[in-house]
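J.: After the structure tokens below, expect a handful of questions from me.
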Amino acid sequence: MVDIKTSIPLPFGTLGSHKRNQFASACPCVFLFDILYLNGQSLLNMPLEDRREEMKKAVRFTRNRVMFSELCLVKGDMAQRRVILQKHLNRAIAEGLEGLVIKDVKGTYEPRARHWVKLKKDYLEGLADSADLLVLGAWYGSGNKGGQLSTFLMGCVDTSVPEGSPGRYKTVCKVGNGLKDTAISILSKKYSSTMEPMRPGKATWLRTLHVPDVVLKDPKTADVMEIIGAEFSVTKHHTSGDVHPLPTYYSGAVGQDG
1 MVDIKTSIPL PFGTLGSHKR NQFASACPCV FLFDILYLNG QSLLNMPLED
51 RREEMKKAVR FTRNRVMFSE LCLVKGDMAQ RRVILQKHLN RAIAEGLEGL
101 VIKDVKGTYE PRARHWVKLK KDYLEGLADS ADLLVLGAWY GSGNKGGQLS
151 TFLMGCVDTS VPEGSPGRYK TVCKVGNGLK DTAISILSKK YSSTMEPMRP
201 GKATWLRTLH VPDVVLKDPK TADVMEIIGA EFSVTKHHTS GDVHPLPTYY
251 SGAVGQDG
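Under full-length UniProt numbering, the first residue of the sequence shown is numbered 1, with each subsequent residue one higher.
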């Protein structure tokens, strides 16, 4: 989504219908950054800088509809390059974007190339947003995660609600990204014994708009995990009512009292 008055991309996540309504002067825009196949010919062995030139010749630029991603050549010694990258990363963060992708303009296309580097604020210590939340419930995964608890319902305690009263625990977000298969296996085994199927009339302590497959038998045993994400935003999709992080991974887990 871009602001049609300035052509500046709107914050990450704005494409969602619940956020789109907040921006009257916005429209979806496709940003093109590469071309791999043109007029029956593969461009995979062509350097990136040449592929981008071919892309600009082949695709019609349409302001706020079809635009080309910004490209900046980073030159100089390592110290100078760090300064340039930091400047552009700061700008991306200030504009609500995810971050930067660093590529070799002389390089050919290689799937999952290791010389392409994503630089996002949640990858850098001290720049990402974080929150300490309780693990309250979970969903089973599918595919290679089938039969394992792989997505977790995170929440907090509403201290304005008396202890033992319904709805004292409220939800903040669901999270599952950033976990390695080994971590999912460990967490799934751990919570298989402390959680039970979510059924009507069960877990009255939990106020939620999302019904998990399983929920804690006793919320007082909930673990605290630090959730690290790229952005915190206001949402109506969780019962905490105020802040909703766009989570990326767990930083760690300790006991609820620790």
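All residues carry an ideal CB built from backbone N, CA and C; glycine is no exception.
Give me the DSSP bridge partner(s) of Phe61.
T.: In DSSP, Phe61 forms no bridge with anything.
J.: For Pro219, does the three-state DSSP call read helix, strand or coil?
T.: In this structure, Pro219 counts as helix in the three-state DSSP scheme.
J.: For Cys27, which beta-bridge partners are listed by DSSP?
T.: DSSP lists Val2 as partners of Cys27.
J.: Would a C-beta distance cut-off of 8 angstroms place Gln148 and Ile184 closer than the cut-off?
T.: Going by C-beta atoms, Gln148 is nearer than 8 angstroms to Ile184.
J.: To the nearest angstrom, report how far apart Lys217 and Met198 are at their CA atoms.
T.: So the alpha carbons of these two residues sit roughly 10 angstroms apart.
J.: Checking contacts by CB at 8 angstroms: is Phe61 closer than that to chain D?
T.: Annotation note: the requested chain D is absent from the structure, which comprises a single protein chain.
J.: Where Asn144 and Ala131 are concerned, what is the direct C-alpha to C-alpha distance, given to the nearest angstrom?
T.: Approximately 29 angstroms between the Cα atoms of the pair.
J.: What is the DSSP secondary structure of Lys180, counted as helix, strand or coil?
T.: Of the three classes helix, strand and coil, the one that applies to Lys180 here is coil, per DSSP.
J.: Answer with buried or exposed for Phe152, where buried requires no fewer than 16 other C-beta atoms within 10 angstroms of its C-beta.
T.: It counts as buried.
J.: Helix, strand or coil for Ile35, going by three-state DSSP, please let me know.
T.: The answer is coil: DSSP assigns Ile35 none of H, G, I, E or B.
J.: Measuring CB to CB, does Arg63 end up less than 8 angstroms from Asp34?
T.: Cβ atoms of Arg63 and Asp34: not closer than 8 angstroms.
J.: Using C-beta distances below 7 angstroms, list every residue in its chain close to Val2, excluding the 5 sequence neighbours before and after it, in chain order.
T.: The answer, listed in chain order, is Ile8, Pro9, Leu10, Ala26, Cys27, Cys29 and Asn64.
J.: Given that a residue counts as buried once 16 or more other Cβ atoms are within 10 Å of its Cβ, and exposed if not, what is Tyr37?
T.: Under this definition Tyr37 is an exposed residue.
J.: Measure the C-alpha to C-alpha separation of Gly137 and Gly164 and round it to an integer number of angstroms.
T.: The straight-line gap from Cα to Cα measures roughly 18 angstroms.
J.: For the beta strand (DSSP E) holding Lys87, just list the boundary residues, first then last.
T.: No beta strand (DSSP E) holds Lys87; the alpha helix (DSSP H) holding it covers Met78 to Ala94.
J.: Quick check on Met225: does DSSP put it in helix, strand or coil?
T.: In this structure, Met225 counts as strand in the three-state DSSP scheme.
J.: Drop a sphere of 10 angstroms on the beta-carbon of Gly107, count the other beta-carbons inside from all chains shown, and report buried for 16 or more, exposed for fewer.
T.: Classification of Gly107: exposed, given that the 10 Å Cβ count is below 16.
J.: For the putative contact between Val161 and Gly167, defined by C-beta atoms under 8 angstroms, what is the C-beta separation to the nearest angstrom?
T.: Indeed they touch by this definition, with Cβ atoms about 6 angstroms apart.
J.: Is Val66 closer than 8 angstroms to Leu97 when the C-beta atoms are compared?
T.: Going by C-beta atoms, Leu97 is not nearer than 8 angstroms to Val66.
J.: Just how far apart, CA to CA, sit Asn90 and Leu119?
T.: Spanning the two alpha carbons is a distance of roughly 11 angstroms.
J.: Let me make sure I understand the geometry here. Which of Trp139, Leu179, Lys5 and Leu73 has the alpha-carbon closest to that of Ile102?
T.: The shortest C-alpha separation from Ile102 is found at Leu73.
J.: Classify Tyr109 as helix, strand or coil using the three-state DSSP reduction.
T.: Coil, per DSSP.
J.: Using the C-alpha atoms, what's the distance from Thr6 back to Gln86?
T.: Near 24 angstroms, if we compare the C-alpha coordinates of Thr6 and Gln86.
J.: Is Met225 near Val135, with beta carbons less than 8 angstroms apart?
T.: Cβ distance < 8 angstroms, so Met225 and Val135 count as in contact.
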